[in-house]
């Protein structure tokens, strides 16, 4: 196996890595590795190294590419030498793969051309009425608002009052003041959200978050001296069926998915029926064979 020994000079690899990192032009495309009669050139390896990589990372990536290049060549050569002619004949497998790939691509093209992606409110409502239980919640959903302010802020109570207010003018004022008084502010009162999203604002899991809930508020101080405050104006627990508005987008995806399935499942039969209709496809029974 000496003829398959990889020749790769560490000094040479280091040189071209530095050249790459300094964005120097390549004037001489040098050989950096050899496996038998096959050679790997500097320009081929440089394409594998991303811009801005450090010399150490460039060296590691270069060696990784060289080893992968050589490994594939060795495996292919050994397979070519040790497998029988019958074992090396992959014509059937390639044709089967080609057929399957073309079929898949045609199905996608066929569906894209014919798929109706318009889903009406009546269709969504009808689906929800008949399948509401399918959308039972795994985790709670909430409505409300979230704000992050410096711990001990004198504006905390005022902001809390605005967060819990039903008055539109208070909501508008809160949206305005949050730009200057808060480090972060998010309003979730217009739609139901997965509680995991709210827990992410607090930097914790939702179970811990729920444990800190006191009435309609959740208030926690972090190690960086910031206070997280959430006002929960609506809550639906896990195991419950959420309202239609929470399920709307999911229902749209389901309805469109069902339409895709119908198109895909009837495609082959439709093509056969059309071929029969136009005499392109015939089925001979025993009487026709006599």
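Residue numbers (the working numbering): 76 to 365.
Glycine residues also receive a C-beta, built at the ideal position from the N, C-alpha and C atoms.
Between the alpha carbons of residue i and residue j, how many angstroms are there, rounded?
i: residue 251; j: residue 304; result: 17 angstroms
i: residue 312; j: residue 210; result: 13 angstroms
i: residue 96; j: residue 118; result: Unreliable placement is indicated for residue 96, whose pLDDT of 43 sits below 50; no coordinate value is reported for it.
i: residue 140; j: residue 299; result: 43 angstroms
i: residue 333; j: residue 343; result: 17 angstroms
i: residue 225; j: residue 321; result: 33 angstroms
i: residue 114; j: residue 168; result: 30 angstroms
i: residue 142; j: residue 120; result: 11 angstroms
i: residue 279; j: residue 161; result: 59 angstroms
i: residue 310; j: residue 131; result: 52 angstroms
i: residue 176; j: residue 235; result: 59 angstroms
i: residue 354; j: residue 136; result: 60 angstroms
i: residue 112; j: residue 164; result: 25 angstroms
i: residue 178; j: residue 349; result: 17 angstroms
i: residue 440; j: residue 286; result: Since the displayed the chain opens at 76 and closes at 365, residue 440 lies outside it and no answer follows.
i: residue 147; j: residue 173; result: 23 angstroms
i: residue 123; j: residue 153; result: 26 angstroms
i: residue 360; j: residue 345; result: 22 angstroms
i: residue 158; j: residue 108; result: 27 angstroms
Quick test of your reading: residue i and residue j, contact by CB under 8 angstroms. State the CB separation rounded to the nearest angstrom.
i: residue 308; j: residue 264; result: 6 angstroms
i: residue 194; j: residue 331; result: 7 angstroms
i: residue 329; j: residue 273; result: Between residue 273 and residue 329 the Cβ distance is about 26 angstroms, and since that is not below 8 angstroms, they are no contact.
i: residue 223; j: residue 258; result: 5 angstroms
i: residue 116; j: residue 104; result: 5 angstroms
i: residue 239; j: residue 291; result: 6 angstroms
i: residue 352; j: residue 199; result: About 37 angstroms; that fails the 8 angstroms criterion.
i: residue 249; j: residue 230; result: Contact flag wrong, Cβ pair sits at about 11 angstroms.
i: residue 203; j: residue 319; result: 5 angstroms
Which residues share a DSSP beta bridge with residue i?
i: residue 303; result: 223, 295
i: residue 310; result: 217
i: residue 108; result: 115
i: residue 288; result: 293
Apart from the five residues just before and just after residue i, which ones in its own chain have a Cβ nearer than 8 angstroms to its Cβ?
i: residue 214; result: 269, 270, 271, 281, 313
i: residue 301; result: 223, 224, 225, 226, 258
i: residue 155; result: 163
i: residue 266; result: 218, 320, 321
By Cβ distance, which residues of its chain are closer than 7 angstroms to residue i, with the 5 residues on each side in sequence left out?
i: residue 339; result: 182, 186
i: residue 189; result: 338
i: residue 207; result: 316
i: residue 192; result: 331
Considering only residues of the same chain and omitting the five flanking positions on each side of residue i, which have a CB-CB separation below 6 angstroms?
i: residue 276; result: 221
i: residue 260; result: 222, 253
i: residue 212; result: 313, 315, 317
i: residue 144; result: 115
Entirely enclosed beta strand (DSSP E) segments - the region 255 to 282, minimum 3 residues: Considered as a whole, the region 255 to 282 harbours 259 to 262 as its complete beta strand (DSSP E) runs of no fewer than 3 residues, in chain order.
Curious, which full-length alpha helix (DSSP H) runs of at least 4 residues does the region 131 to 183 contain? Within the region 131 to 183, the complete alpha helix (DSSP H) segments at least 4 residues long are 160 to 163, listed from N- to C-terminus.
What beta strand (DSSP E) runs, 3 residues minimum, are completely inside the region 311 to 360? Those beta strand (DSSP E) runs which fall completely within the region 311 to 360 and span 3+ residues do not exist here.
Sequence ranges, beta strand (DSSP E) only - wholly within the region 183 to 207, length at least 3: Runs found: none.
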